[in-house]
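In full-length UniProt numbering, the protein residues as written are 1 to 65. We put the beta carbon where it would ideally sit given N, CA and C, even for glycine.
Dropping the structure here:
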């Protein structure tokens with residue numbers, strides 16, 4: 001196994017890790033419903049699936065068999 005030749009100091013290690021941060025997800029507002037949702041994600045509102053302001057799936061309509 002490979003072993004380091006010298007000890008990495010705590011400061012050097014922590015400087016390398018500064019780029020790993022948790023960030024809050026971006027929230028978008030649907031122009032049609034005003035519903036808050038994640039960017040580039042479809043979302044349900046009152047039985048309908050919306051994406052970019054358009055209805056993709058409408059579960060409120062009943063299918064006759």
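Margin query: So, does the stretch 49 to 58 touch the stretch 28 to 36, judging by three or more C-beta pairs under 8 Å?
Written below: yes
Notebook entry, point to check: Which stretch, first to last residue, makes up the beta strand (DSSP E) that contains residue 58?
Noted result: 54 to 58
Next item on the list: Report the three-state DSSP secondary structure of residue 48 (helix, strand or coil).
Entry: strand
Item checked: Complete runs of the alpha helix (DSSP H) confined to the UniProt region "Disordered" (1 to 32) [at least 4 residues] -> 10 to 16
Checklist line | Collapsed DSSP secondary structure at residue 37 in the structure displayed | finding: strand
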